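Residues 34 to 460 (this note's numbering) are what the sequence shown spells out, left to right.
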Amino acid sequence: MTAYHRIEQLLRERTGLDAEVIGSKSIERTIDALTESEGIEGVDRCLAMLRSSSETFGKLLARVLVSETWFFRDRECFRFLRRYLEETGLAGAGGKVRILSCPCSTGEEAYSIAMVLLQMKAGASDFRVDAVDINPNAIEAARAGRYGRGSFRGQIGAYRERYFSPAGDGFRIQPEVAEAVHFFTENIAAPDALADHEAYQIIFCKNLLIYLTEEARQRVAVNLDRLLVPNGLLFTGHSEVMSVLPYGYVPVKHPRSFACIKTRKNPAGTVVPPLRRKAVHPGPSFAPPRSVVTGGGEKKPASNGPQGSAGNDAEPGPSSDALAEIRALADHGALQEASERCERFLKDHPSNKEAYCLMGLISLGLDSFDQAEDFFQRALYLDPCHYEALLHVGLLYQKKGDRARASIIEDRMRRTRQMEKDGQNLR
34 MTAYHRIEQL
44 LRERTGLDAE
54 VIGSKSIERT
64 IDALTESEGI
74 EGVDRCLAML
84 RSSSETFGKL
94 LARVLVSETW
104 FFRDRECFRF
114 LRRYLEETGL
124 AGAGGKVRIL
134 SCPCSTGEEA
144 YSIAMVLLQM
154 KAGASDFRVD
164 AVDINPNAIE
174 AARAGRYGRG
184 SFRGQIGAYR
194 ERYFSPAGDG
204 FRIQPEVAEA
214 VHFFTENIAA
224 PDALADHEAY
234 QIIFCKNLLI
244 YLTEEARQRV
254 AVNLDRLLVP
264 NGLLFTGHSE
274 VMSVLPYGYV
284 PVKHPRSFAC
294 IKTRKNPAGT
304 VVPPLRRKAV
314 HPGPSFAPPR
324 SVVTGGGEKK
334 PASNGPQGSA
344 GNDAEPGPSS
354 DALAEIRALA
364 DHGALQEASE
374 RCERFLKDHP
384 SNKEAYCLMG
394 LISLGLDSFD
404 QAEDFFQRAL
414 YLDPCHYEAL
424 LHVGLLYQKK
434 GDRARASIIE
444 DRMRRTRQME
454 KDGQNLR
């Protein structure tokens with residue numbers, strides 16, 4: 034095992050990060066950049082320092098976890114957050130609404146949550162926003178509350194004028210917002226994460242599960258179940274919704290909010306299915322208004338169904354790394370670049386069902402719903418049992434109000450799951 038592989042192993046053990054998702058070549062380049070910038074003589078010496086120095090490990094972590102974020106990213110999440118708070122009356126119910134942002138990166142998401150509540154005239158005694166991240170450098174930057182122009186995108190000028198003041202070539206968050214958010218360095222994938230915290234009515238956990246090993250995803254899912262009150266609201270990344278459905282969550286009726294309601298306690302022994310690519314002192318529970326929850330029966334878990342006869346899984350090696358890099362671009366918000374790279378990938382790999390499914394997800398992110406449906410259908414042509422593609426096609430039919438076709442897809446999903454249980458292949 035090379036020193037590079039041992040560093041990957043160290044990252045996996047300490048953080049739960051999956052090198053296959055991030056890309057081994059990408060991690061190697063990051064290690065090389067760290068050794069050069071820090072004047073470390075060779076990768077073996079770097080490995081020794083990473084094992085013995087938390088400061089050096091933190092610097093590597095900061096480079097590996099670089100993620101592009103900005104205020105009010107995925108704007109519909111925050112529109113739905115406000116609607117949800119208004120319809121449930123949580124923000125003015127006499128108690129304190131508790132919201133968690135994890136991982137919070139450099140704080141843009143957590144501060145966006147606080148600004149929504151302040152815009153609703155919620156006082157400091159009405160809510161608490163906690164924000165955690167494994168990267169201490171990110172937490173330090175979040176607490177500093179200074180941001181460049183890249184953190185402000187889209188039509189959010191009113192928020193910037195109201196809640197920020199100029200600071201050099203950037204902006205500083207106003208004290209009333211800064212004081213509403215409490216930052217902690219914490220690994221949400223650790224078994225005892227936030228063990229001394231009360232439960233939350235709302236949790237934002239976006240674009241984390243996709244980067245973790247199966248074991249780490251399982252720990253995060255268990256922690257979220259422990260930390261979220263019954264009937265609580267969970268926001269995920271756009272490609273992560275299906276991975277939490279087995280835990281008793283139901284998607285809400287607000288397009289592109291990527292939010293789910295926790296409708297039941299997680300049954301003991303439930304395992305989070307792998308993503309497609311290859312307590313606490315309990316807080317008060319409450320019943321969400323029916324209007325925010327999708328209709329229909331209980332959703333089925335998204336897991337790898339039986340393989341069809343056509344098409345191949347994402348190939349190991351360079352092509353698998355390429356798809357992982359494209360997925361990372363999409364998750365960091367570079368949707369147009371991800372789309373262009375995925376199109377080029379498909380020209381060289383026209384029978385790769387995972388690439389078609391990924392292109393469908395990217396198209397959803399670009400609000401190209403008809404195009405997304407077409408890509409998911411291509412994935413299903415190559416593999417009629419591709420569960421993730423089935424799930425998204427079904428959701429698109431629901432969005433269109435096409436109940437007949439949505440029902441057909443739901444039947445196919447049930448058959449796929451039953452065939453998987455029976456250990457058979459769908460012919």
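Don't be surprised by glycine CBs; every beta carbon is placed ideally from N, CA and C. Quantities reported herein were computed from a predicted structural model and do not represent experimental measurements.
In this structure, the straight-line span from the alpha carbon of R205 to that of T63 is close to 30 Å. For A200, the enclosing beta strand (DSSP E) has its first and last residue at F197 to A200.
A residue is called buried when at least 16 other Cβ atoms come within 10 angstroms of its Cβ; P417 meets this threshold and is buried. Assignment of F217 by DSSP, reduced to helix, strand and coil, places it in the strand class.
Short of 6 Å from the beta carbon of C110, and not among the five residues preceding or following it, lie these beta carbons of its own chain, in chain order: F268 and S290. Nearest C-alpha to F216 among E74, G56, A357 and A175: A175. No Cβ-Cβ contact shorter than 8 Å links W103 with R45. Under the three-state reduction of DSSP, Q369 is assigned to helix. The segment 382-389 and the segment 351-367 touch, with no fewer than 3 CB-CB distances between them shorter than 8 Å.
Our two residues, D258 and V277, have alpha carbons roughly 10 Å apart in a direct line. A Cβ-Cβ distance of about 6 Å is found for the pair N264 and I294, placing them in contact under the 8 Å criterion. Of H271, L93, R84 and K58, the smallest CA-CA separation from E69 is found for L93. Between G156 and V149, the alpha-carbon positions lie close to 12 Å from each other. When the beta-carbon positions are compared, G56 and E358 come within less than 8 Å of each other.
Taking a contact as a CB-CB distance under 8 Å, the pair F90 and I146 does not count as one, their CB atoms being some 29 Å apart. Within the model, the alpha-carbon separation for A211 versus G140 is close to 10 Å. The residues L429, in chain order, have a CB closer than 6 Å to that of E406 in the same chain once the five nearest residues on each side in sequence are set aside. Per DSSP, the unbroken beta strand (DSSP E) holding R161 starts and ends at F160 to D166. When the alpha-carbon of I172 is set against those of K154, A143 and S59, the nearest one is in A143. Between the alpha carbons of L118 and S272 lies a distance of about 24 Å. Going by DSSP, Y280 is part of no alpha helix (DSSP H) at all; its letter is neither H nor E. Where C238 is concerned, there is no enclosing alpha helix (DSSP H), because DSSP gives it neither an H nor an E.
If you look at A143, you'll find it isn't in any beta strand (DSSP E); it sits in the alpha helix (DSSP H) that goes E141 to Q152. Take the alpha-carbon of E370 and the one of L123: they are about 39 Å apart. In the assembly as shown, S134 is a buried residue. Its beta-carbon has 16 or more other beta-carbons within 10 Å. Shown here for K386: same chain residues with a beta carbon closer than 7 Å to its own, the five before and five after excluded, namely G344, A412, L415, D416 and H419 in chain order. A direct Cα-Cα distance of roughly 26 Å separates E209 from L260. Per DSSP, the unbroken alpha helix (DSSP H) holding R84 starts and ends at V76 to S85.
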